[in-house]
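Notes for the one structure printed next.
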Amino acid sequence: MKNRITLFFLSGLICIVCVLYTGTYVSAEETGCSLTLNCVLNTDYGEEPIVGSEFAAVKIADVSITEYNTEHILKYSMTERFKEYDCDWDELSFSELHKKAKAVASQVTDDDIICRRKTDKSGTVKLNIQQTGFYLIICTDPAREDVSFSPFLISLPQAINGELIYHVISSPKFEGQHPEPELPSDPEDSGDIPQTGQMDTRYFPLTAAGLLMIVIGGALFIRKKGS
11 MKNRITLFFL SGLICIVCVL YTGTYVSAEE TGCSLTLNCV LNTDYGEEPI VGSEFAAVKI
71 ADVSITEYNT EHILKYSMTE RFKEYDCDWD ELSFSELHKK AKAVASQVTD DDIICRRKTD
131 KSGTVKLNIQ QTGFYLIICT DPAREDVSFS PFLISLPQAI NGELIYHVIS SPKFEGQHPE
191 PELPSDPEDS GDIPQTGQMD TRYFPLTAAG LLMIVIGGAL FIRKKGS
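Under my numbering, the letters of the sequence shown match residues 11 to 237, in that order.
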């Protein structure tokens with residue numbers, strides 16, 4: 011009886027350890043991405059949405075994701091097309107990133123663009139980029155001559171507070187400003203649930219099995235002790 015209880019405990023722990031070990035790598039290929047842009051001009055009369063401006067995404071690097079303790083480490087591998095712009099991205103300031111973005115944008119052609127779309131009546135546009143990576147976002151067709159958006163670089167996913175955010179919302183800035191990614195929400199035109207990359211339902215049955223074995227082992231132990 012004692013050996014049976016020990017076996018239940020060990021089997022349960024093995025199941026849970028397997029899940030934890032598997033979770034130390036996040037598969038970038040299995041999780042879709044999206045980038046939603048909110049383009050709103052702040053005026054003396056309130057917020058004015060920029061309607062009909064076309065934005066485009068250019069992939070300049072692939073991303074690999076590893077987990078170290080509770081943090082996610084993102085590593086970038088430049089595409090051959092933009093290899094000359096490779097650097098230690100983590101060490102760049104906002105100002106330096108802005109300069110890099112403008113330098114890369116100056117070399118972009120139509121063949122480099124993977125998706126493009128115009129802002130709607132609320133000044134919002136969702137770019138269904140799908141693949142993880144490091145992207146340059148540019149305004150390819152501004153709706154107004156007096157409004158100029160700065161090109162900017164953004165990583166999909168974003169690593170924020172120990173989580174991976176695959177569906178990112180950002181507010182492009184006008185010339186002289188720098189974009190800052192915001193926490194995800196549910197865009198009106200999307201039925202997608204924001205993903206963190208850490209919830210993988212394939213491992214739920216294994217986790218449940220491990221916990222069940224531990225509970226059964228504990229029950230058997232208590233029963234034996236009571237008798």
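We treat Cβ as the ideally placed atom computed from N, Cα and C, and that holds for glycine. On a predicted model such as this, the values are computed, not experimentally measured, just so you know.
For Y55, count neighbouring C-beta atoms within 10 Å of its own C-beta (all shown protein chains included) and say buried if the count is 16 or more, exposed if not.
Under this definition Y55 is an exposed residue.
Beta-carbon proximity of E67 to L45, cut-off 8 Å
Reading off the sequence shown, one finds Ala at residue 67, where the question assumed Glu. Their beta carbons are under 8 Å apart, which means A67 touches L45 by this criterion.
Would you kindly work out how many angstroms separate the C-alpha atoms of D156 and E94, rounded to a whole number?
Distance between the alpha carbons of D156 and E94: 33 Å.
N- and C-terminal bounds of the alpha helix (DSSP H) containing E106:
For E106, the uninterrupted alpha helix (DSSP H) segment begins and ends at F104 to A115.
Inter-residue CB distance, V118 and I148 (contact presumed, cutoff 8 Å):
That pair is a contact at about 7 Å.
Contacting residues, own chain, Cβ-Cβ under 7 Å from D122 (five flanking each side not counted):
Counting only Cβ-Cβ distances below 7 Å, and skipping sequence neighbours, we find V68 and R91.
DSSP beta-bridge partners for G10?
Nothing in the structure corresponds to residue 10, since the chain is present only between 11 and 237.
On the premise that T142 lies in contact with V61, defined as a C-beta separation below 8 Å, what is that separation, rounded to the nearest angstrom?
Actually they are not in contact, since the Cβ atoms of V61 and T142 sit about 30 Å apart, beyond 8 Å.
Own chain, CB closer than 8 Å to F214, minus 5 neighbours either side, in chain order:
Because F214 sits at a pLDDT of 39, beneath the cut-off of 50, its placement in the model cannot be relied upon, and the following sentence gives the value as read from the coordinates. There are no such residues.
How would you label G172, buried or exposed, when you count the other beta carbons within 10 angstroms and need 16 or more for buried?
So G172 counts as exposed.
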